[in-house]
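Contents: one structure, followed by commentary.
2 protein chains.
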Amino acid sequence: MANSDSGDSIVDRVVRVFEAFPEGVASLQLTELAERAGLPLSSAHRLVRQLSAHGLLEHDAGGTVRLGMRLWELVNRNSPTLALRQAAMPFMEDIQQVLNQNVNLAVLDGWEALFVERLSRRGSIVNRARVAGRMPVHISSAGLVLMAHQPAQVQAEYLKQFEDPSGKMTADVVRRLLAEGAQQGYVQLAGVVDPDAWGIAVPVIDGKRRALAALGVVVPVVEMRLQALVPALQTAARGIGRRLEA
Amino acid sequence: MANSDSGDSIVDRVVRVFEAFPEGVASLQLTELAERAGLPLSSAHRLVRQLSAHGLLEHDAGGTVRLGMRLWELVNRNSPTLALRQAAMPFMEDIQQVLNQNVNLAVLDGWEALFVERLSRRGSIVNRARVAGRMPVHISSAGLVLMAHQPAQVQAEYLKQFEDPSGKMTADVVRRLLAEGAQQGYVQLAGVVDPDAWGIAVPVIDGKRRALAALGVVVPVVEMRLQALVPALQTAARGIGRRLEA
DNA sequence: ACTGGCCCTACCATTGAATGGAAGGCGCCG
DNA sequence: CGGCGCCTTCCATTCAATGGTAGGGCCAGT
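Chains as they are written, first to last, in the working numbering: chain A, 1 to 246; chain B, 1 to 246.
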């Protein structure tokens, strides 16, 4: 044989190796990694060795393979979200302290909200959103408020393909939420993810009126000051937006 | 020609592409990227296209290339430091609130401290340590306290090759700091990085008595409660260590 | 102690995927 | 409108990548 029987390039394979780690699983056996990545063992072995030589992968104590510190370092040094996170962090900290709630920051990627930063309170209500985690647009206030501020064409495309496997949400409900979100400038969502939690999110708008990100909080349903949270979030979001101009 | 004139594999090239982004620079022109990565333009072009197809790179508005959200997501989802950061975050937040100071968390990588997490106070003293940033062991309290808790052999190797280009530190001073750090269980460092800032760091120890990380604060020299910080840090570090066992 | 199973590592003849110079667009500025 | 920088595409050449196979280390079960 020669280069790849299966017709995939090395780059494809490298990507498959990176993607082979299931969410939250830090390390895998070589054999299992090969299987998950769909590679012959000997090919996986060679590839892992090359990547390890550069620090993109590492061999940990038990002989298992994990993503390397070097990779983490490179990606986080030049992260596409770096500017956004740096601009947002001080404001997120303020919110966390003043409102005493979970705060999170998300961007829109496809039809999902991708959470890029999160500050959680000890002992506070469960916040399902994890850093680098995703949630479908229709079940997260952050996703909805981002979609609500997308160009009409994008929203139309989204609604066209919308389908909720759980059946809890209909396209009409989503349409209404988007319309309200666009008009009010925030989205409030009750207990979709967790029956005891409210999500509230506002958009971070840049100079060209594009919604770059969503700033949100997750609060327990018993929280009384719900409406008071909105202006605080909006003020913070404007601050973030202004920082991103400069 | 065939595969690489220069004798490097594709993996080498992928790594060089990732490494081509200078610290803090999010995006590059293709031509510049090719030059920095030491690749012929057409090869760079092909490689970038492949990587982009998988979302490891992205083309941004101006036609420049940057690291992709997908890469950021994969790395941060399965980060080798994920468990450490998750265990540490609540304690770091406590420290930040109670002591009202900058907090950071670092691991040892080679002869450098690599900062994996940081919480900074608005308006607080400048903290040079950036997330995913590095500092040489001998000018950071985190680096020193980590080195002070390494096996004797590692310390010997480190001291053997030690050389401070600035000449401010001598091997003897470092040796003394390491000895003190090992004995006292913390390292305090004044104004090496910034003349107005103190750094104090303690080790996070796991069940096998290995120093996995350093927990530290950066405080202004005028701060009076210096000694009071140490027990707080040590308590938090023990808490983190205990969480990592489970 | 022995055996079987599991996982990792090493070898090597084969060949098509990767290569990069050159030429063809595209947009910008003077 | 001509020159320049930057991006994209093309294509004949060839060696880096491939993966089946075999070897070695480790542990659990018998």
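Glycine included, each C-beta is placed from N, C-alpha and C at the ideal position.
Bear in mind that the values here come from a model prediction, so they are computed numbers and not experimental data.
To the nearest angstrom, report how far apart leucine 74 of chain A and valine 222 of chain A are at their CA atoms.
Within the first sequence, residue 74 of chain A is the residue found at index 74, counting from 1. Within the first sequence, residue 222 of chain A is the residue found at index 222, counting from 1. Cα to Cα, leucine 74 of chain A sits roughly 42 Å from valine 222 of chain A.
Alpha-carbon to alpha-carbon, leucine 215 of chain A and arginine 77 of chain B
Counting from one through the second sequence, the residue named residue 77 of chain B turns up at place 77. Counting from one through the first sequence, the residue named residue 215 of chain A turns up at place 215. Approximately 20 Å, taken between the alpha carbons.
Could you give the DSSP three-state label for aspartate 5 of chain A: helix, strand or coil?
Numbered from 1 along the first sequence, position 5 holds the residue referred to as residue 5 of chain A. Residue state, collapsed to three classes: coil.
Under a CB-based cut-off of 9 Å, is alanine 249 of chain A close to chain B?
The first residue shown for chain A is 1 and the last is 246, placing residue 249 of chain A beyond what the model contains.
What residues in its chain sit with their C-beta under 8 Å from that of valine 116 of chain B, if we drop five residues either side in the sequence?
Reading the second sequence from its first residue, position 116 is the one you call residue 116 of chain B. Closer than 8 Å at Cβ, skipping near neighbours: Thr81, Leu84, Arg85, Leu105, Ala106, Val107, Val131, Ala132 and Ala213.
Which ranges would you report for the alpha helix (DSSP H) in the region 80-157 of chain A if only whole runs of at least 4 residues count?
Those alpha helix (DSSP H) runs which fall completely within the region 80-157 of chain A and span 4+ residues are 82-99 and 141-148.
Do three or more CB pairs link the region 59-68 of chain B to the region 3-14 of chain A at distances below 8 Å?
Cβ pair count under 8 Å is below three, so no.
Per DSSP, glutamate 58 of chain B forms a beta bridge with which residues?
Here residue 58 of chain B is taken as the residue at index 58 of the second sequence, counted from 1. Beta-bridge pairing links glutamate 58 of chain B to B/Arg66.
Under 9 Å between beta-carbons, which chain B residues line up against methionine 92 of chain A? List them in chain order, please.
In the first sequence, counting from the first residue as 1, residue 92 of chain A sits at position 92. Within 9 Å Cβ-Cβ: nothing; methionine 92 of chain A doesn't reach chain B, min ~11 Å.
Taking its Cβ as the centre, do 16 or more other Cβ atoms sit within 10 Å of glycine 143 of chain B, making it buried, or is it exposed?
Taking the second sequence and counting its residues from 1, one reaches residue 143 of chain B at position 143. When all chains shown are included, glycine 143 of chain B counts as buried.
What residue range is occupied by the uninterrupted beta strand (DSSP E) comprising valine 204 of chain B?
Start at 1 with the first residue of the second sequence, and residue 204 of chain B comes out as number 204. Here the beta strand (DSSP E) through valine 204 of chain B covers 197-205.
Count the CB pairs spanning the region 167-176 of chain A and the region 193-200 of chain A that are closer than 8 Å, and state whether there are at least three.
no
Tell me which residues of the region 50-64 of chain A have at least one Cβ-Cβ distance to chain B shorter than 9 Å, keeping chain order.
Gln50, Leu51, Ala53, His54, Gly55, Leu56, Glu58 and Asp60
Span of the alpha helix (DSSP H) around leucine 30 of chain A
Along the first sequence, one-based indexing puts residue 30 of chain A at 30. Counting along the chain, the alpha helix (DSSP H) containing leucine 30 of chain A begins and ends at 30-37.
If we ignore side chains and look at the alpha-carbon of each, how far apart do arginine 113 of chain B and histidine 149 of chain B end up?
Sequence index remark: in the second sequence, residue 113 of chain B carries index 113 (1-based). Sequence index remark: in the second sequence, residue 149 of chain B carries index 149 (1-based). In the sequence as displayed, the identity of residue 113 of chain B is alanine instead of arginine. Rounded to whole angstroms, alanine 113 of chain B to histidine 149 of chain B spans 13 Å at the Cα level.
I want to see whether chain A comes within less than 9 Å of methionine 135 of chain B, judged by CB atoms only; does it?
If you number the second sequence from 1, residue 135 of chain B lands on position 135. No, no contact with chain A.
Figure out for me which residue from B/Gly241, B/Gln161 and B/Arg70 has the closest Cα to the Cα of phenylalanine 18 of chain A.
Reading the first sequence from its first residue, position 18 is the one you call residue 18 of chain A. Comparing alpha-carbon positions, the option among B/Gly241, B/Gln161 and B/Arg70 lying closest to phenylalanine 18 of chain A turns out to be B/Arg70.
Three-pair Cβ contact test at 8 Å for the region 176-186 of chain A versus the region 196-207 of chain A:
Enough Cβ pairs lie closer than 8 Å, so yes.
How about serine 42 of chain A: is its C-beta nearer than 9 Å to some C-beta of chain B?
In the first sequence, counting from the first residue as 1, residue 42 of chain A sits at position 42. It does not; no Cβ of chain B falls within 9 Å.
Are alanine 37 of chain A and alanine 53 of chain A touching if we call contact CB-CB under 9 Å?
For the purposes of this step, residue 37 of chain A is taken as the residue at position 37 of the first sequence. For the purposes of this step, residue 53 of chain A is taken as the residue at position 53 of the first sequence. Going by C-beta atoms, alanine 37 of chain A is not nearer than 9 Å to alanine 53 of chain A.
Quick check on tryptophan 198 of chain A - is its C-beta less than 9 Å from some C-beta in chain B?
Numbered from its first residue, the first sequence carries residue 198 of chain A at position 198. With 9 Å as the cut-off, tryptophan 198 of chain A does not count as an interface residue toward chain B.
Length of the line joining the Cα atoms of alanine 232 of chain B and glycine 68 of chain B
Position 232 of the second sequence holds residue 232 of chain B. Position 68 of the second sequence holds residue 68 of chain B. Going from the Cα of alanine 232 of chain B to the Cα of glycine 68 of chain B covers about 39 Å.
Proline 40 of chain A in three-state terms, based on DSSP:
The count along the first sequence starts at 1 and reaches residue 40 of chain A at position 40. Reduced to three states, the DSSP call for proline 40 of chain A is coil.
What residue from B/Glu245, B/Asp94, B/Leu51 and B/Leu229 has the CA that sits closest to aspartate 12 of chain A's CA?
The sequence position of residue 12 of chain A within the first sequence is 12, counting from 1. It is B/Leu51.
Using the C-alpha atoms, what's the distance from leucine 47 of chain A back to alanine 44 of chain B?
Along the second sequence, read from residue 1 onward, the residue named residue 44 of chain B stands at position 44. Along the first sequence, read from residue 1 onward, the residue named residue 47 of chain A stands at position 47. Answer to the nearest angstrom: the Cα atoms are 20 Å apart.
In whole angstroms, what is the alpha-carbon distance linking glycine 207 of chain A and arginine 243 of chain A?
As a first step, residue 207 of chain A is located in the first sequence; it is residue number 207 there, counting from the start. As a first step, residue 243 of chain A is located in the first sequence; it is residue number 243 there, counting from the start. Taking the straight line joining both Cα atoms gives about 10 Å.
Proline 220 of chain B (DSSP reduced to helix, strand or coil):
As a position in the second sequence, residue 220 of chain B is number 220, starting the count at 1. Residue state, collapsed to three classes: strand.
Using a Cβ-Cβ cutoff of less than 6 Å, which residues in the same chain neighbour valine 187 of chain A once the five nearest sequence positions on both sides are dropped?
For this step, residue 187 of chain A is matched to residue 187 along the first sequence. Around valine 187 of chain A: Ser141, Leu144, Val145, Gly181 and Ala201.
Please confirm if glutamine 183 of chain A has its CB atom under 9 Å from at least one CB of chain B.
Along the first sequence, one-based indexing puts residue 183 of chain A at 183. Answer no: the Cβ-Cβ gap between glutamine 183 of chain A and chain B never drops below 9 Å.
Given a cut-off of 9 Å, decide if proline 165 of chain B and tryptophan 198 of chain B are closer than it, judged by their beta-carbon atoms.
Against the second sequence, residue 198 of chain B aligns to sequence position 198. Against the second sequence, residue 165 of chain B aligns to sequence position 165. No; because the gap between Cβ atoms is not below 9 Å, this pair is not in contact.
Give a yes or no on whether the C-beta atoms belonging to leucine 189 of chain B and arginine 175 of chain B are separated by under 9 Å.
Along the second sequence, one-based indexing puts residue 189 of chain B at 189. Along the second sequence, one-based indexing puts residue 175 of chain B at 175. Taking 9 Å as the Cβ cut-off, leucine 189 of chain B and arginine 175 of chain B do not qualify as a contacting pair.
When you compare the CB positions of alanine 236 of chain B and isoleucine 10 of chain B, do they come within less than 9 Å of one another, or not?
In the second sequence, the residue the question calls residue 236 of chain B occupies position 236. In the second sequence, the residue the question calls residue 10 of chain B occupies position 10. Going by C-beta atoms, alanine 236 of chain B is not nearer than 9 Å to isoleucine 10 of chain B.
For a contact meaning CB atoms closer than 9 Å, what does glycine 68 of chain B contact in chain A?
To locate residue 68 of chain B, count along the second sequence from 1; it is residue 68. Those within 9 Å of glycine 68 of chain B in chain A are Pro80.
At a Cβ threshold of 9 Å, is glutamate 223 of chain B touching chain A?
As a working mapping, residue 223 of chain B is identified with position 223 in the second sequence. For glutamate 223 of chain B, the answer is no, since every Cβ of chain A falls outside 9 Å of its Cβ.
In terms of residue numbering, what span does the beta strand (DSSP E) encompassing alanine 190 of chain B cover?
Translated into positions along the second sequence, residue 190 of chain B becomes position 190. That run of the beta strand (DSSP E) goes 187-190.
Please confirm whether serine 6 of chain A has its beta-carbon closer than 9 Å to some beta-carbon of chain B.
On the first sequence, position 6 is the one that residue 6 of chain A refers to. Not one chain B Cβ lies under 9 Å of serine 6 of chain A.
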